[in-house]
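Whatever position you read off the sequence shown (first residue = 1), add 3 for this note's numbering.
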Amino acid sequence: MLAIPDVSFLNQLAALSEDLILKEHAAAVNQQGGRDITNHELHYGCSGKIQGILKDYISTAFPGHTVFDSSRDESCDEFVWSVDVFNMERLNDRGIPARGATAGLSHRGKIVAGMVVSPFTRERFWAEGAEAMACSPFGEFRLNTRRNIQLHQSIMHVSEGDYFEDATRKGIQSLSSRVLMSRWGDPCHAMTMLAAGYIDLCVIHPDKMSAFSPLILLVKNAGGCVTELSGPNSGYLASSGPVLHAEVLRVLNSSK
């Protein structure tokens, strides 16, 4: 048994995640009993159950690994997984199904493998070794961030409804006036868009990063950069490349 999973295991885990999410959603839509189901129940009701099944699947395949849910992990174990079922809240609140799942593996604190699935859009992403890949109805392809983008040409994503530290919030306001476009919403989907070359910047609240190890590896393997900003509740910055990353850091630091 390999200590670090190969791509075939990541795709098995992705397929299981997709199957569980779609079946739970269908069961909620078609439930019997004459009671109207609420939008919250439809989109948020079974995340814990799905997480448990995914954790058991990993533990069976790799009994020597430690597996956590999305809570922040301080484990010193050699192999540590983080598993999460996420919701794109802006879409869910409008009644559009948009649930997905992530799973990432760290080896002695370094992220080494992970996968992200969004079954309702039929998208699957994975990172392993130095690769970042995606699969959709259009086929399988390697991920690459956009290159040679200047700040005034860039599209920035900010976590929606999150409380940032004051200096970071001021920095975000300054960046919003300099970039081509700002958007707010689910950071998980935004990180996959960054890795695929559709947007250029993500500023993410620290509370959202606990289950983001596969997304960090995905962005880095696609050519991007990820940095934890200094100070409590300052957040994280992900960008499409080192030149843009350095320029954005200068803007954020000048706001402190």
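Positions of the beta carbon are idealized from the N, C-alpha and C atoms, including for glycine.
Alpha carbon of residue i to alpha carbon of residue j, nearest angstrom
i	j	result
A17	D59	14 Å
L255	K223	21 Å
V115	Y239	19 Å
V251	L154	8 Å
Q176	W187	13 Å
G36	F215	At G36 the pLDDT is 48, less than 50, meaning the model places this residue with poor confidence; the figure from the coordinates comes in the next sentence. Roughly 38 Å separates the two Cα atoms.
T148	G67	35 Å
V10	G132	10 Å
Where the alpha helix (DSSP H) through residue i begins and ends
i	result
D169	169-179
T230	Premise fails: T230 lies in the beta strand (DSSP E), 228-231, not in any alpha helix (DSSP H).
C79	Premise fails: C79 is in no alpha helix (DSSP H) and is neither H nor E.
Identity of the residues DSSP links to residue i by a beta bridge
i	result
R127	V120, C138
F89	G103
I114	S109
C205	H160, A241
S258	DSSP, once it has assigned bridges, lists no residue as partnering S258.
C-beta contact flag for residue i and residue j at 7 Å
i	j	result
F82	G103	no
D80	T69	yes
S157	D203	yes
H160	C191	no
L23	I53	yes
F128	L221	yes
F123	A101	yes
M194	L218	yes
L146	A199	yes
Residue interval of the beta strand (DSSP E) (run including residue i)
i	result
I219	Per DSSP, I219 belongs to no beta strand (DSSP E); it is in the alpha helix (DSSP H), 216-224.
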